[in-house]
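A.B. asks: Chains A, B and C, in that order, give the protein sequences. Heads up: the first sequence begins at 1 in the numbering used here, then just goes up one per residue. Heads up: the second sequence begins at 253 in the numbering used here, then just goes up one per residue. Heads up: the third sequence begins at 468 in the numbering used here, then just goes up one per residue.
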Amino acid sequence: MSSSINLTLKIWRQPHSDALGSLETYTLDHISTDMSFLEMLDVLNEKLTKEGKDPVAFDHDCREGICGMCGAIVDGVAHGPEKEVTLCQLHMRHFKSGDTLVIEPFRSRAFPIKKDLLIDRSALDRIIQSGGYVSVNTGGTPDGNSIPIPAKQAELAMDAAACIGCGACVASCPNGAAMLFTSAKISQLALLPQGQVEGKERALAMVAQMDSEGFGNCTNARECEAVCPKGISIRNIARLNREYLTAVLSEG
Amino acid sequence: MWFVRFVTSSIGKKLVMAATGLLLFLFLLTHAAGNATIFMSSAVFQDYADELHSHPLIVLVFSSALLAVLLVHIGVGLYLFYENRAVSNNRYVVSKRVVKNSLASATMPYTGLFVLLFLVIHIFGFTFSPKDVPISSTVRDMLSNFFYALFYITAFIALTFHLSHGLWSMLQTFGVNHPRYELFIARLSLVLPLFFFLIFGGIAFYFMTGLGANY
Amino acid sequence: MELNARVPAGPLAEKWDNHRFANKLVNPANRRKYRAIVVGTGLAGASAAATLAEQGYQVQVFCIQDSPRRAHSIAAQGGINAAKSYQNDGDSVFRLFYDTIKGGDFRAREANVYRLAQVSNEIIDQCVAQGVPFAREYGGTLANRSFGGAQVSRTFYARGQTGQQLLLGAYGALSRQIKAGRVAMFTRREMMDVVLVDGRARGITSRNIITGEMESHVADVVILATGGYGNVYFLSTNAMASNVTAAWRAYRCGAGFANPSFVQIHPTCIPVHGDYQSKLTLMSESLRNDGRVWVPKNQGDLRKPADIPEAERDYYLENKYPSFGNLVPRDVASRNAKEQCDLGKGVGSTGLAVYLDFADAISRDGRETIFKKYGNLFQMYEKITDSNPMVEPMMIYPAVHYTMGGLWVDYDLMTTIPGLFAIGECNFSDHGANRLGASALMQGLADGYFIIATAVANYLGTNKLEQINEHAAPFLDSRRGCEDRIARLLKNSGGGPAGKCTVDEIHKELGRLMWDNCGMARNATDLQAALEELPKIGKKFWDHVYIPGNTREINQSLERAGRVADFLEFAEIMIRDALTREESCGCHLREESQTEEGEAKRDDANYSHVSVWEHGGDGAPKLHKEPLSFEFVTPSQRSYK
């Protein structure tokens, strides 16, 4: 049943990229436990607006856990304490009245902070641009059923393809690595015959791009997998390692 | 050149760590097998040591290669440690590890460095020990020192931790991760390090407690 | 305003071929000299941009989010239709065409819909080639399901994330063109204006959301792929940034807006539970296959559902529509739920919900079977509401989901402004007065991958365009106009927030007005009242809205304010359109137009047309009509009794 709680929020406030940021403390009373985390932030922002203060900037869009736009570190954990949800799907009933929540932006050398909790994740786009696709033009493609794909293989590809590109993996990796993100796309395409054609070039190019963006090195700490809102497995990283090794040995 | 590009890439560095780690692990296996002869008798152990040292060329090639592997493992490891620290230092006001049992993975550089310190002392103590004293006596004499043995045991604990993440991590890096073998690998990366601990730690314990006083 | 649909002559099945042959082409070597602007990176925008760039055009692409991958197409769950007939169950291009046009209650253009059905098969092939992980049968062939009451299995899907996977495919194709240097990608940009030079669309003015800067972009054609306007209701299943601004700016520049009152309302959404609520979540329609919809027979019955005996429950859908029962189409289910709640029989804390009960299904098929079918949906529901549908009935309520109305376009998807095209949900073309399930993805990709390129080539091949740059007067004027508008939005913000209202407060007020008066069931009195109320909200907005911060920084309140300002203006033509359409059709019941049994009554004699609204400057908007004629199908009345 819904009830209401009172919270103390410590939120990272930073006016713009070049400014110094700090944690600001806010108190928020009568928060319905049916609210989502982002709705709680909406309420805070309405309150700040009415007090003539600057509302907290945060990214969000679909609010149903699929667009990958939202995300923050809540008490040290990306997307908060619940498993396999994004911040917009985290409901306030998972917190207790009197809790103090520390809310910080996703941080990585490759994710500059733009304002408050709002960051620039275009490095992830550039990784995809370097080869995260099958190079086919529109039109002239063979019939969809011309190449049978084992159902299991398609399911595995779908497991990897479920990535929403939110960047939680990077934010919670102790080394700020983007391996889970990169491996998810490489795995998806490596598992499908359509993607295997240029699999080697893809692995080399995407890893090179990932490294040049300033992401850290993977040390198999598994934090990425633990916070991924879509439950993407580090088995994909193992697959990427295999793909990369064979690519390097034969093509690199 | 492709090789330079490869070893300087993030995955390349990881693969180097895994490959050198695997070689060091194999060395540990042989070392453990050899040392296990201690439990049989001082004579058997001495025979093993003498036999080994009667092939100086093999020993030279083997130990130089081992040294090279070790240096690469340490060098790349330290470099990764340095790079990763640069990324991760003081990122968050509050940060929490979500993975359970993350102690081993979080302390890899430290356990590694501790094992390195141990190695230096170990090599000075045994490898460069006086040639005229039988090695079995050296082992008994040195490990009978309580604090020296305690240091050894501590180092083996560090090694156990290092290996418990290292073994799993090495397989993951080589791309060995499959649901069917997941449990097996998880157990293996617990059992094997403990096995090493039992053998190496057992030797130290054996002498430290005076059990091997008449060795 | 001249509405020439330019539908090609000839038999239905040959129109598209004839048209492609008649269309002018641009020599491959010359294409790089032309620039196209694509606004929006959903299925339609991303696929159009990638396709045009592959063909050699220079393309500039704009999106509002931080990455093109986040457009709201990503949230589509169910699937995408195609007339592949892989299941050998009697499907064909003509059947898909017929189902779509009938589903739209005969308010769409035959030729457009037929073309959509024709290219649907190519879409599937294209997506498979891109590595979209569609569900497969054990033999490795593509799996299909029947969706939204269709009698054939023609829906392709990738779990419940079909939209995401199709969008990521198009995003991949777009990314490839960015890498190749043929697409310049502008993220975090909001389109503020279309720039017309000599009556032709020659560029846009956009605002950089990070820096606040107004930017001009020059092109030879402008393609809008900016989605639907469901957020005019404040609460909808749309993403928070979905808005009408781009389409509305085009309208203000002279583009006709077609059928703005055609909005689809989805019956199975999680009900509103508080006034802080920001968004409604859709639950798959498949739930109605096994769930029974009911409300208490007595008004204001506050007992727990388990305490209400069978005799005091009203299974109103089963009682009213014995042959279809709980599986009546979306609009009928939605309308009846609202009717029950309006009668005071709604349940839940707000009284704005009805039960969807699985108890009978569970006792019939067993817990395991039901959980296997709907487990993931139940978990999603429980995550949001903290209530388990295996134990107590689910609560559902209708929510705004999709907008069939949009910018009027001809057969080539060009608006009434030459050089300005509209694709995907932001045009009006294919869904008539109601959209079939799994057809939105099909339309977005059909427009983007297979239709827009030939239309653009024809436009460029038949028109001689002068060289201009962003220093030309029209661009300067547009920039200045946009800056002025922002200054006007911020004019109340000096002197603090005391006695003023926030953007969201106004938006909620607008949303309530629209939901209450221009929602599922409409009547002249309420619409008229809303039309009178609307300017008051508008005045309150412009006189009292308080927006913190300034324009030269990230200012999310300012972004929202701009969008709400456009929704406020746009709502007027929505209401007017609903007012002038004195028939029930598709999604909407016009209360004055009902059969004796209280069902929707379409009026083909008077309303078989597309209503197109033209901006009237300071005066009232002008209504134009594009008559719809049906040469190949015969309009029939729906009946679900």
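Idealized CB from N, CA, C, for every residue including glycine. It should be emphasised that the depicted structure is a prediction, and the values quoted were computed from it without experimental measurement.
Quick check for students: name the residue ranges of the alpha helix (DSSP H) that lie wholly in the stretch 612-671 of chain C, counting only runs of 4 or more.
C.D. replies: If we require 4 residues or more, the alpha helix (DSSP H) runs fully inside the stretch 612-671 of chain C come out as 629-646.
A.B. asks: CB I127(A) to CB M69(A), shorter than 7 Å?
C.D. replies: No, these two residues do not count as a Cβ contact at 7 Å.
A.B. asks: Is it buried or exposed, I375(B), if we count other Cβ atoms within 10 angstroms and call 16 or more buried?
C.D. replies: The residue is exposed, with fewer than 16 neighbouring Cβ atoms inside 10 Å.
A.B. asks: Identify every residue that forms a DSSP beta bridge with W254(B).
C.D. replies: None, per the DSSP bridge assignment.
A.B. asks: Looking at the strands, I want to know which residues DSSP matches up with A1067(C).
C.D. replies: According to DSSP, A1067(C) bridges with Q1061(C).
A.B. asks: Could you tell me if M909(C) is buried or exposed, where buried requires 16 or more neighbouring beta carbons within 10 angstroms of its beta carbon?
C.D. replies: Buried.
A.B. asks: Between N548(C) and S906(C), which are expected to be in contact by the criterion C-beta below 8 Å, what is the C-beta distance as a whole number of angstroms?
C.D. replies: 6 Å between Cβ atoms; contact.
A.B. asks: In chain B, which residues lie with their C-beta within 9 Å of the C-beta of M206(A)?
C.D. replies: Result: empty, since nearest Cβ-Cβ is about 11 Å, beyond 9 Å.
A.B. asks: Can you tell me where the beta strand (DSSP E) with K115(A) in it begins and where it stops?
C.D. replies: Start and end: I113 to K115.
A.B. asks: Within 10 angstroms of the Cβ of W982(C), are there 16 or more other Cβ atoms? Answer buried if so, exposed if not.
C.D. replies: Buried: at least 16 other Cβ atoms inside 10 Å.
A.B. asks: Mind checking who C968(C) pairs with in its DSSP beta bridge?
C.D. replies: The partner list for C968(C) (beta bridge, DSSP) reads V1012(C).
A.B. asks: With respect to the beta strand (DSSP E) encompassing E1093(C), which residues constitute its N-terminal and C-terminal limits?
C.D. replies: Start and end: K1089 to P1094.
A.B. asks: Please confirm whether V650(C) has its beta-carbon closer than 7 Å to some beta-carbon of chain A.
C.D. replies: No, V650(C) does not count as interfacial toward chain A.
A.B. asks: Tell me, which residues are paired with T27(A) by DSSP?
C.D. replies: Per DSSP, T8(A).
A.B. asks: What three-state label does DSSP hand E589(C) in the structure shown?
C.D. replies: It is helical.
A.B. asks: Nearest by alpha-carbon distance to T748(C): which of I851(C), I829(C) and T929(C) is it?
C.D. replies: Nearest C-alpha to T748(C): I851(C).
A.B. asks: Take the Cβ of T836(C) as the centre, count every other Cβ of all protein chains shown within 10 Å, and call the residue buried at 16 or more, exposed below.
C.D. replies: Result: exposed.
A.B. asks: May I ask which residues mark the beginning and end of the beta strand (DSSP E) holding H684(C)?
C.D. replies: Looking at the DSSP string, the run of the beta strand (DSSP E) that includes H684(C) is M681 to V685.
A.B. asks: Scan the stretch 818-864 of chain C and note each continuous alpha helix (DSSP H) run of 4 residues or more that stays entirely inside, going in chain order.
C.D. replies: The qualifying runs are 826-832 and 834-852.
A.B. asks: What are the complete alpha helix (DSSP H) segments, minimum 4 residues, inside the stretch 384-424 of chain B?
C.D. replies: The qualifying runs are 387-395.
A.B. asks: Express the C-alpha separation of I890(C) and N710(C) in angstroms, rounding to a whole number.
C.D. replies: Using only the alpha carbons, I get a separation of about 15 Å.
A.B. asks: Give a yes or no on whether the minimum CB-CB distance between L332(B) and chain A is below 7 Å.
C.D. replies: Closer than 7 Å to some Cβ of chain A, the Cβ of L332(B) qualifies, so yes.
A.B. asks: Within the 7 Å Cβ cut-off, does P81(A) reach chain C?
C.D. replies: Judged by the 7 Å Cβ criterion, P81(A) is not in contact with chain C.
A.B. asks: What residues match up with Q525(C) in a beta bridge as DSSP calls it?
C.D. replies: Beta-bridge pairing links Q525(C) to R502(C).
A.B. asks: Give me whichever residues DSSP pairs with C808(C) in a beta bridge.
C.D. replies: DSSP output for C808(C) lists no bridge partner at all.
A.B. asks: With 16 other CB atoms within 10 Å as the buried threshold, where does S212(A) fall?
C.D. replies: It is exposed - the Cβ of S212(A) has fewer than 16 other Cβ atoms within 10 Å.
A.B. asks: To the nearest angstrom, report how far apart I164(A) and C62(A) are at their CA atoms.
C.D. replies: Rounded to whole angstroms, I164(A) to C62(A) spans 12 Å at the Cα level.
A.B. asks: On the three-pair Cβ rule with 8 Å, is the stretch 511-527 of chain C touching the stretch 635-653 of chain C?
C.D. replies: As far as the Cβ criterion goes, the stretch 511-527 of chain C touches the stretch 635-653 of chain C, which means the pair count is three or higher.
A.B. asks: Could you check whether the stretch 532-552 of chain C touches the stretch 580-596 of chain C, counting it as contact only if at least three pairs of C-beta atoms, one from each stretch, sit closer than 8 Å?
C.D. replies: Flag = yes, the stretch 532-552 of chain C and the stretch 580-596 of chain C touch.
A.B. asks: Ends of the beta strand (DSSP E) at H1076(C)?
C.D. replies: It spans H1076 to E1081 - the beta strand (DSSP E) in which H1076(C) sits, taken as one unbroken run.
A.B. asks: The stretch 215-233 of chain A: which residues have C-beta closer than 9 Å to a C-beta of chain B, in chain order?
C.D. replies: Those would be F215, G216, N217, C218, T219, N220, A221, R222, E223, E225, A226, V227 and S233, in chain order.
A.B. asks: Should the stretch 638-655 of chain C be regarded as contacting the stretch 131-150 of chain A, the criterion being three or more beta carbon pairs within less than 8 Å?
C.D. replies: Touching, yes, given that three or more Cβ pairs across the two stretches are closer than 8 Å.
A.B. asks: Compare the C-alpha of G195(A) against each of Y565(C), K764(C), V599(C) and H740(C) and name the closest.
C.D. replies: The option with the nearest alpha carbon to G195(A) is V599(C).
A.B. asks: Under 9 Å Cβ-Cβ, which residues of chain E neighbour F426(B)?
C.D. replies: This model lacks chain E altogether; the protein chains it does include are A, B and C.
A.B. asks: Would you mind sorting G199(A) into buried or exposed? The rule is 16 or more other CB atoms within 10 Å of its CB.
C.D. replies: G199(A) is buried by the Cβ-count criterion.
A.B. asks: Can you list, in chain order, the residues of the stretch 586-605 of chain C whose Cβ is nearer than 9 Å to any Cβ on chain A?
C.D. replies: Answer in chain order: N588, E589, I591, D592, Q593, C594, V595, A596, Q597, G598, V599, P600, F601, A602, R603, E604 and Y605.
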